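Line by line, the protein sequences are chains A and B.
Numbering follows full-length UniProt numbering, in which position 31 of the first sequence is assigned residue number 31; successive positions increment by one, without gaps.
Numbering follows full-length UniProt numbering, in which position 207 of the second sequence is assigned residue number 207; successive positions increment by one, without gaps.
Built from N, CA and C at the ideal position, the CB exists for glycine as well.
A quick note: this is a predicted structure, and the numbers were derived from the prediction, not measured.
A quick write-up on the structure given underneath.
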Amino acid sequence: MSRNGPLALIFHTIFVIVMVAPILVVCLVAFTPEGYLSLPTNGFSLRWFRTIANYPEFIHAFWVSLGLGALSSLVALLFAVPAALAIARYRFRGRDVLAAMFLSPLMIPHVVLGIAFLRFFTSAGLGGSFAALIVAHVIIVFPFALRLTLAAATGMDRTVEMAAVSLGAGGWTLFRRVTLPLILPGVISGWALAFIQSFDDLTMTVFLAAPGTETLPVRMFLYIQDNIDPLVTSVSACVIAITMAALILLDRFYGLDRVLAGKGDTGR
Amino acid sequence: MSMAAEERSLRAPWVLTAPALMLFVGVLLIPLAMTVMLSFHDWGQYKGIEPVFILKNWHEIATDPYYAEMFWRTFRIAILTTLLTALLGAPEAYILNRMSGRWKSFFLLVILGPLLISVVARTLGWALLFGGNNGLVNKLLISLGLIGSPIPFMFTETGVVIALAHVMMPFMVLSVWAALQRLDPQIENAAMSLGAGPATIIRRIIMPQIMPGVLSGAIIVFSLSASAFATPAIIGGRRLKVAATLAYDEFLNTLNWPLGAAVATLLLASLVLIVVGSNALIERRYAEVFR
């Protein structure tokens, strides 16, 4: 394989620095000992991380985000796993239309989804409720849950299932004891990716959240709209750390390029 | 296959997809239809939303130059962001692909990882880097002698495009990367053995083959940039309105929901047209590559 020349390596170095710089600067400013925005040139301090404790709205928003992400990803999988099995195994009329519809939340701008859900849930008398947030997040994370489950179901070895059937297993037992264990890595990765998507969503959630159901990104966004101070950088640094941990797990477990590229989209 | 088994395999996919299908019809298609309908309703400061059928909002968007300017700004920002990601992302994907195994996966993680990090946190990073006239970026550019006086980045389109390009870059790298994986390295070697230089190889062998990847990446970046909310809201501020931030204002500040719904419907319709249209064009032009 041919090597990169010096010019290519210089380009690559600058590229990587620019990609990392904004994330790095947030994490660095979070450790400033000063009372204003500055790089920690006079030593590191945790004072802004301790300050988060004085802002219960951030802590509350964190728990809302965590619960919302975990629950909506789980519910999305309950709907996505059977749908993925159907799309992976059967050639039926309307299969392509169904697959396209299930992946459509990826294509519809989140601002449009936010408006549609706001209108819908307000008419239903559920405006600003946690239940409305769960349903809305199930829709936006569904494509991610479906895609990874679909990839696992498509690549699965069917002969094991046939062996189980020949030994008398069927229905629920077959699914619980044979099929589910085989597609489990895809299902768990689908859950993790769906969780990250839900945990990070701002654009749709900002329309639906009310005081009390504000998620962490919404709380951060509203705070930044008023002013930017080291407090919001320390909150961001915590969010970045959580995402990085999930990311490294996902990479070890499944391979990040596979997760992001979403190979085997429609099971073709 | 026996009659019963055949019947079961016809019914099974529908039984399995029924819950998801009902969910999507109930809480996606119906709310979207309600939004389109909402854009035809009337609204007044004191009377609120009136469920009648009028073209008032659409007429206002079509005739008031404020909306034409806002949509033009939205698409201008999206086009510039797409160009920037293509010009920088495509070469970077090519360089990445030529690296050896361990470095390749390390840098792939570094470049694609930000995709999953909160957009608010990443945009906050740019707000810190730009920070007024004596932000870090300006200090660096001045000390390198690249510029004489500080460039305003905050609350300008320049700043929005740069921050947005950073947010969207992983999509472009990923898309070109996928195209590079389909490329046969032997063709490059064949060209070299026939006496082609590096520039010729890139122009005649690599470029034509990764072009579909660049274009499909461009479609993703364009549609996401045109509907971006967090970055234009934080970097652009309250005055530099784009479609998404304007719709947000109409819904949560002015409370003119029908007008906001009309802006959102127009954004959705124009994006669907652009994305479907350019997908069809690309697939026809590069039919042999997709086979």
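Query raised in the report: For a contact meaning CB atoms closer than 9 Å, what does residue 162 of chain A contact in chain B?
Result: The residue you call residue 162 of chain A lines up with position 162 of the first sequence. Going along chain B, no residue has its Cβ under 9 Å from residue 162 of chain A, so there is no contact; the nearest lies around 14 Å.
Report task. With DSSP as the reference, please indicate the residues paired to residue 43 of chain B in a beta bridge. Result -> Walking along the second sequence from the start, residue 43 of chain B turns up at place 43. B/49, per the DSSP bridge assignment.
Query raised in the report: Could one say the Cβ of residue 67 of chain B lies closer than 8 Å to chain A's Cβ atoms, at least one of them?
Result: As a first step, residue 67 of chain B must be located in the second sequence, where it is residue number 67. No, its Cβ sits nowhere closer than 8 Å to a Cβ of chain A.
Query raised in the report: Would you call residue 137 of chain A buried or exposed, if buried means 16 or more other Cβ atoms sit within 10 Å of its Cβ?
Result: For the purposes of this step, residue 137 of chain A is taken as residue 137 along the first sequence, with counting starting at 1. Result: buried.
Query - Alpha-carbon spacing of residue 239 of chain B relative to residue 225 of chain A, whole angstroms - result: Along the second sequence, read from residue 1 onward, the residue named residue 239 of chain B stands at position 239. Along the first sequence, read from residue 1 onward, the residue named residue 225 of chain A stands at position 225. Each residue's Cα considered, the two are about 13 Å apart.
Query raised in the report: Does the distance from the CB of residue 242 of chain B to the CB of residue 73 of chain B come in under 8 Å?
Result: In the second sequence, residue 242 of chain B corresponds to position 242, counting from 1. In the second sequence, residue 73 of chain B corresponds to position 73, counting from 1. Cβ atoms of residue 242 of chain B and residue 73 of chain B: closer than 8 Å.
**Report entry** Residues of its chain near residue 68 of chain A, where Cβ-Cβ distance is below 7 Å and the 5 sequence neighbours each way are ignored
**Finding:** As a first step, residue 68 of chain A is located in the first sequence; it is residue number 68 there, counting from the start. Excluding positions up to five away in sequence, the list reads 133, 134, 137, 198 and 215.
Requested in this report: Grab the span of the alpha helix (DSSP H) containing residue 67 of chain B for me, first residue to last.
Outcome: For the purposes of this step, residue 67 of chain B is taken as the residue at position 67 of the second sequence. Segment 65-97, the alpha helix (DSSP H) holding residue 67 of chain B.
Query - Residues near residue 104 of chain B by beta carbon distance below 7 Å, same chain, minus five either side - result: Against the second sequence, residue 104 of chain B aligns to sequence position 104. For residue 104 of chain B, where only same-chain residues beyond five positions count, the Cβ hits under 7 Å are 96.
Query raised in the report: Mind checking if residue 4 of chain A is an interface residue toward chain B, Cβ cutoff 8 Å exclusive?
Result: Counting from 1 along the first sequence, the entry for residue 4 of chain A is found at position 4. True, the Cβ-Cβ gap to chain B drops below 8 Å.
Query raised in the report: For residue 264 of chain A, which three-state DSSP category applies?
Result: In the first sequence, residue 264 of chain A corresponds to position 264, counting from 1. Residue confidence is low: residue 264 of chain A scores 34 on pLDDT, short of 50, so the model does not pin down where it sits. No coordinate-derived value is stated.
**Report entry** Simplified DSSP assignment, three categories, for residue 210 of chain A
**Finding:** Here residue 210 of chain A refers to the residue found at position 210 when the first sequence is read from its first residue. In the structure shown, residue 210 of chain A sits in coil (DSSP, three-state: anything other than H, G, I, E or B).
Query raised in the report: What is the C-beta distance between residue 25 of chain A and residue 240 of chain A, in whole angstroms, given that I count them as a contact (C-beta under 8 Å)?
Result: Along the first sequence, read from residue 1 onward, the residue named residue 25 of chain A stands at position 25. Along the first sequence, read from residue 1 onward, the residue named residue 240 of chain A stands at position 240. Rounded, the Cβ-Cβ distance is 11 Å, inconsistent with contact.
Requested in this report: Grab me the residues of residue 227 of chain B's own chain with a C-beta within less than 8 Å of its C-beta, minus the 5 sequence neighbours each way, in chain order.
Outcome: As a first step, residue 227 of chain B is located in the second sequence; it is residue number 227 there, counting from the start. Cβ neighbours of residue 227 of chain B beyond the five flanking positions: 243, 244, 267 and 271.
Query raised in the report: Closest by CA to residue 220 of chain A, which one among B/230, B/258 and B/86?
Result: Within the first sequence, residue 220 of chain A is the residue found at index 220, counting from 1. Looking at the Cα atoms, B/230 is the closest of the given residues.
Requested in this report: Have a look at residue 63 of chain A and residue 54 of chain A and give me their C-alpha separation to the nearest angstrom.
Outcome: For the purposes of this step, residue 63 of chain A is taken as residue 63 along the first sequence, with counting starting at 1. For the purposes of this step, residue 54 of chain A is taken as residue 54 along the first sequence, with counting starting at 1. Their Cα atoms are separated by approximately 16 Å.
**Report entry** Neighbour-count burial assignment, residue 172 of chain A, 16 or more Cβ in a 10 Å radius
**Finding:** As a working note, residue 172 of chain A is residue 172 in the first sequence. Exposed, by the Cβ-count rule.
Query - Selection of the stretch 152-175 of chain B by Cβ proximity to chain A, strictly under 7 Å - result: 166, 169 and 174
Query raised in the report: Helix, strand or coil: which one does DSSP assign to residue 253 of chain B?
Result: Taking the second sequence and counting its residues from 1, one reaches residue 253 of chain B at position 253. Helix.
Query raised in the report: Near residue 45 of chain A, which residues of its chain fall below 8 Å by C-beta distance, leaving aside the five closest residues on each side in sequence?
Result: By 1-based counting over the first sequence, the position of residue 45 of chain A is 45. For residue 45 of chain A, where only same-chain residues beyond five positions count, the Cβ hits under 8 Å are 31, 32 and 33.
Report task. Please classify residue 19 of chain A: is it buried, with 16 or more other beta-carbons within 10 angstroms of its beta-carbon, or exposed? Result -> Indexing the first sequence from 1 puts residue 19 of chain A at position 19. Residue 19 of chain A is buried by the Cβ-count criterion.
Report task. Starting from residue 156 of chain A, find everything on chain B with Cβ-Cβ shorter than 7 Å and list it in chain order. Result -> In the first sequence, counting from the first residue as 1, residue 156 of chain A sits at position 156. Simply none; closest approach about 15 Å.
Requested in this report: Let me know the secondary structure DSSP gives residue 149 of chain B once reduced to three states.
Outcome: Here residue 149 of chain B refers to the residue found at position 149 when the second sequence is read from its first residue. Note: residue 149 of chain B maps to coil in three-state DSSP.
Query raised in the report: For residue 263 of chain B versus residue 117 of chain B, is the C-beta spacing smaller than 8 Å?
Result: What you label residue 263 of chain B is simply residue 263 of the second sequence in a count that begins at 1. What you label residue 117 of chain B is simply residue 117 of the second sequence in a count that begins at 1. No, the pair does not count as a contact, with Cβ atoms beyond the cut-off.
Requested in this report: With distances taken Cα to Cα, identify the nearest neighbour of residue 195 of chain A among A/227, A/73 and A/247.
Outcome: The residue given as residue 195 of chain A occupies position 195 in the first sequence. Nearest of A/227, A/73 and A/247 to residue 195 of chain A, Cα basis: A/73.
**Report entry** Pick from A/242, A/109, A/111 and A/192 that is closest to residue 149 of chain A, judged by C-alpha positions
**Finding:** Numbered from its first residue, the first sequence carries residue 149 of chain A at position 149. The option with the nearest alpha carbon to residue 149 of chain A is A/192.
Report task. Report yes or no: do the stretch 180-192 of chain A and the stretch 74-93 of chain A share at least 3 C-beta pairs separated by less than 8 Å? Result -> yes
Query raised in the report: Taking any Cβ of chain B, which residues in the stretch 6-23 of chain A have a Cβ under 9 Å from it, in chain order?
Result: 8, 9, 11, 12, 15, 16, 18, 19, 20, 21, 22 and 23
Query raised in the report: If we cut at 8 Å on Cβ distances, does residue 217 of chain B have a partner in chain A?
Result: Indexing the second sequence from 1 puts residue 217 of chain B at position 217. Not one chain A Cβ lies under 8 Å of residue 217 of chain B.
Query raised in the report: Between which two residues does the alpha helix (DSSP H) containing residue 138 of chain B stretch?
Result: Numbered from 1 along the second sequence, position 138 holds the residue referred to as residue 138 of chain B. 136-143 is the extent of the alpha helix (DSSP H) around residue 138 of chain B.
Query raised in the report: Is it the case that the Cβ atoms of residue 250 of chain A and residue 189 of chain A are separated by a distance below 8 Å?
Result: Here residue 250 of chain A refers to the residue found at position 250 when the first sequence is read from its first residue. Here residue 189 of chain A refers to the residue found at position 189 when the first sequence is read from its first residue. Contact: yes.
Requested in this report: Taking 8 Å as the threshold, find out whether the stretch 131-148 of chain B comes into contact with the stretch 191-199 of chain B through three or more Cβ pairs.
Outcome: no
Query raised in the report: Taking the alpha-carbon positions, what's the residue 69 of chain B to residue 201 of chain B distance?
Result: If you number the second sequence from 1, residue 69 of chain B lands on position 69. If you number the second sequence from 1, residue 201 of chain B lands on position 201. Computed Cα separation, rounded: 43 Å.
Report task. State the CB to CB distance for the pair residue 53 of chain B and residue 71 of chain B, rounded to an integer number of angstroms; the pair is presumed to be in contact (CB under 8 Å). Result -> The sequence position of residue 53 of chain B within the second sequence is 53, counting from 1. The sequence position of residue 71 of chain B within the second sequence is 71, counting from 1. With 8 Å as the limit, residue 53 of chain B and residue 71 of chain B do not qualify as a contact, their Cβ atoms being about 24 Å apart.
Query raised in the report: Can residue 234 of chain B be considered in contact with the ligand PLP, in the sense that its beta carbon sits closer than 7 Å to one or more heavy atoms?
Result: This structure does not include the ligand PLP; it has no bound ligands of any sort.
Query raised in the report: Which runs of the beta strand (DSSP E), 3 residues or longer, sit entirely within the stretch 118-158 of chain A?
Result: none
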